[in-house]
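When you line the sequence shown up against the working numbering, it's residues 7 to 519, in that order.
Think of the CB as a built atom: it goes at the ideal place given N, C-alpha and C, for glycine as much as any other residue.
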Amino acid sequence: MSTHKHFDKICYAVLALVLVITILLLLFADSFTVVSSGVNMEYANKLFDDSYVHSIDIIMDDWDGFTQSCENEEYTACNLVIDGETYNNVAIRAKGNTSLTQVSSYGNNRYSFKIEFDKYDSSVSYYGLDKLCLNNIIQDNTYMKDYLVYSLMGDFGVASPLCSYVNISVNGETFGLYLAVEGVEESFLERNYGTDYGELYKPDSMSMGGGKGNGKAFEADDDAQELPDSNSEVESDNDNFPQNNEQQNNFQPIRGEMPDGQTDFKKGNMPAGSNGMKDGEPPEMPQNSEGENAENPIMPDAAPDINNAENNDSERKTGFGNMSAKGSDDVSLIYSDDDYDSYSNIFDNAKTNITDSDKDRLIASVKNINNNENIGSSVDVEQVIRYFVVHNYVLNFDSYTGSMIHNYYLYEKDGKLSMIPWDYNLAFGSFNSSMDAESLINYPIDEPVSGGTVESRPMLAWIFANEEYTELYHELFSEFIAEFFDNSKVEAMIAKTQEMISPYVKADPTKFC
7 MSTHKHFDKI CYAVLALVLV ITILLLLFAD SFTVVSSGVN MEYANKLFDD
57 SYVHSIDIIM DDWDGFTQSC ENEEYTACNL VIDGETYNNV AIRAKGNTSL
107 TQVSSYGNNR YSFKIEFDKY DSSVSYYGLD KLCLNNIIQD NTYMKDYLVY
157 SLMGDFGVAS PLCSYVNISV NGETFGLYLA VEGVEESFLE RNYGTDYGEL
207 YKPDSMSMGG GKGNGKAFEA DDDAQELPDS NSEVESDNDN FPQNNEQQNN
257 FQPIRGEMPD GQTDFKKGNM PAGSNGMKDG EPPEMPQNSE GENAENPIMP
307 DAAPDINNAE NNDSERKTGF GNMSAKGSDD VSLIYSDDDY DSYSNIFDNA
357 KTNITDSDKD RLIASVKNIN NNENIGSSVD VEQVIRYFVV HNYVLNFDSY
407 TGSMIHNYYL YEKDGKLSMI PWDYNLAFGS FNSSMDAESL INYPIDEPVS
457 GGTVESRPML AWIFANEEYT ELYHELFSEF IAEFFDNSKV EAMIAKTQEM
507 ISPYVKADPT KFC
C-alpha cells in the first residue's frame, strides 16, 4: 500500500479527470468520427493479388446447357479450381442486364458470372470470400476500365471492391480473360467496416428483368440443385438497360457493322467464323473523324456541346438531346416524405436485413442532405467527397451522375451515408459516344452531371452548397491529380497492366473484338 502523503489527492484528481472526459464524450459524441476497424480478410492477398493473372477452371458436366439458359439467371452447381485449389459444389449463374442480351446478340456465350461459394453450404468460402463476380469486360476494348477505376478508388481511400485478372477455362479448355471482382456483400462489409457493419443498399429503379443480384438480402433463393457426387475428384451486375418501348426508342444496342452490312447481331444470323466473325476477323467498326474505331455505348445520337455557352444550361439540365433522367426520385436520393413506400427502389433492394428503424434512419439522413442540414452527422463527408473526386474524374455517366441514376451502392451506419463504386466499364467518357474528346476532357468538375442538374442529385449537391465542403472537394481533387498523375503513377500502372495481360488478350478465344 502506498504511503505517499498526497496519494488520496492524486486518486481524487484522476477520478475527477476521468469523470470530466466521460461527460465530454457523452455531450459531444456526435462530433467525434468513430471509424470501424475492418477485418483482415485472407482472400485479399490470394485471388486479389493483382500482380499476376490468376486461373479459374469451371468444372461442369453440361456447360452448353448452362450457357443456353444463362439469360434466365438460374443458379447451377459446379466445381471450381482456383489457382490449383479445388472448391466443390459452389453455385454459378450469369449476371447483368444489358450484357445478358448483348452477349446473346454477339452470338457467343461469354457471359459475366456470379459465384456463390456459400449457397449450398454456409460454411464454405474462399478464404473468407462469400461472393465473387467474374466480369466479361464487355464494351471495353482496353480491358482496363473497371480495373483502373477500382484501383484508383481503393488507393485514394474509398471503400471499393478488390479486383484482379483471371484466365478462365471450362473443363480444362481456355475460355477467356475476365476480371474477378469482390462481391459487395458480407465479406466486403466485414473487410471494410468490421463485423459490426451497417446497412447496405443497391438503389435502382430500372426494371429490366433478371438482375437477381441487384437487391434483396444476402441469402439467395434455393433455385438450383446440388452438384451430384460433389466430392468426386476432378482434373484440372453490368449495366442496366430500359426495356419498355418508350425507353427503347432513346437507345441503340452496341454493335459493329458486319462485313456484309448486317447489323442485327442475333444468334443464328451471324457470318461464318467464331463469335460472329467472318473468317476469324472482327467486324468492321464505325470510325470517327480521325479514322480510329469509335466507341459505341448505349446513348442517343445527340449530345450537348459543353463549350457552347448557348446550349450549356438547357442541354446539361435536360440531358442528351431529349433524354432526361430515367431514374426515380428515390434512387436520386431526393426526399419526398417519410413514407417507406416512397423509397421502395432503395428498401426493396436492400442487401442486408433491414428493420423499420433502419428505414427511419436512412430517410432522416436523406432529408438532411436535401435540406443541407446536419451534413456532418448524415454523411461520411470525406469518404463521399473522395468517391466523387475519382468518379467525376473518370467521367462515368452510366451511374448516379448520369441519366440512368444507378450503378452505386449506398452504405449507412449510425445515420451516416456513403457511396460504394460499382460498374465502370463505360468510364472515361465512353458512355457519351457523341461527345468529342475535348468536350469530355473539359467537362466541368463542379457540374459533373449528365441528364440532369447538380441539384437533382442531393448526394452530390451538398458538396457545392457549402463553401467549406466545396473547398475540401477541390483540395482532394488536387491531391488526387498530384498523387496519381503528376508523378506518372497511373501511366506506369497502365503500362504494367498492359504488359501483364497482353498475352492473355491476344490468346482470348471469346473476346468481343
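Of the residues the options, the one placed nearest residue i, counting alpha carbons only
i    : options                   : result
E474 : I360, S110 and V387       : V387
D3   : S57, I391 and F162        : Nothing about residue 3 can be reported from this structure: the residues present for the chain run from 7 to 519 only.
S43  : V187, A165 and S338       : A165
L432 : N402, N380, V176 and P515 : N402
S170 : V395, D161, P515 and L185 : L185
I88  : W69, N376 and I65         : I65
V176 : E481, E489 and F72        : F72
N196 : K137, N493 and L183       : Just to set this straight, residue 196 is Glu in the shown sequence, not Asn. Per the Cα distances, K137.
G90  : N374, V172, V45 and V130  : V172
S342 : N413, N376 and V109       : N376
S384 : T358, D404, C519 and D420 : D420
Y203 : S456, F194 and L183       : F194
V372 : D344, H397, T361 and H480 : D344
I487 : K208, I507, S436 and M159 : M159
K101 : I121, T92 and C84         : I121
M212 : S110, H412 and Y430       : H412
L86  : P454, Y112, V130 and N103 : V130
H60  : V187, D404 and E77        : V187
S3   : T92, C84, T148 and D56    : Here the chain covers residues 7 to 519 and nothing more, so residue 3 does not appear.
A370 : Y349, N355, T459 and T358 : Y349
I340 : I500, Y430, G458 and S128 : G458
S334 : D210, F434, E192 and S111 : D210
V395 : V155, A83, K365 and S128  : V155
Identified DSSP bridge partners for residue i
i    : result
I62  : I88 and I174
Y417 : L206 and S424
A83  : A97
C169 : V187
Simplified DSSP state of residue i, which is helix, strand or coil
i    : result
F486 : helix
S348 : helix
Y203 : coil
T476 : helix
G71  : helix
K502 : helix
Y406 : coil
Y184 : strand
C76  : helix
E179 : strand
E481 : helix
P454 : coil
G160 : helix
Y449 : coil
R463 : coil
F194 : helix
D152 : helix
V337 : coil
K273 : Low confidence applies here, because K273 scores a pLDDT of 31, under 50, leaving its location unreliable and the question unanswered by this model.
Y576 : Absent from the structure is residue 576, since the part of the chain shown begins at 7 and ends at 519.
N237 : The pLDDT assigned to N237 is 37, lower than 50, so where the model puts this residue is not dependable; a value taken from the coordinates is nonetheless given after this. Three-state result, N237: coil.
Y510 : helix
K495 : helix
M305 : The predicted position of M305 is uncertain, since its pLDDT is 36 and thus under 50; a value taken from the coordinates is nonetheless stated next. Residue state, collapsed to three classes: coil.
F353 : helix
L432 : coil
I411 : coil
A443 : helix
A19  : helix
Below-7 Å beta-carbon distance, residue i vs any chain D residue
i    : result
D354 : Among the chains in the structure shown there is no chain D, since it carries only a single protein chain.
Assumed close pair residue i, residue j - CB separation to whole angstroms, cut-off 8 Å
i    : j    : result
N2   : R116 : Residue 2 falls outside the range modelled here, since the chain spans only 7 to 519, and no answer is possible.
V190 : I426 : 6 Å
M465 : Y406 : 7 Å
I62  : S105 : Not confirmed; about 19 Å, so no contact.
G163 : M47  : About 18 Å separates the two Cβ atoms, so there is no contact after all.
R99  : Y81  : 5 Å
G182 : D514 : 5 Å
K151 : Y430 : 6 Å
M499 : S157 : 7 Å
V45  : T201 : 7 Å
L168 : A50  : 6 Å
Proximity test, residue i beta-carbon vs the ligand ADP heavy atom, cut-off 6 Å
i   : result
F72 : Of the ligands one can find in the structure shown there are none, so the ligand ADP has no counterpart to examine.
> Unbroken beta strand (DSSP E) runs of length 3 or more, entirely within the segment 87-143: which are they?
Replying inline: Whole beta strand (DSSP E) segments, 3+ residues: 91-101, 118-122 and 137-141.
>> Give the list of continuous alpha helix (DSSP H) stretches no shorter than 4 residues that lie fully inside the segment 356-404.
In response: Counting only runs of 4 or more, we get 362-377, 381-384 and 387-399.
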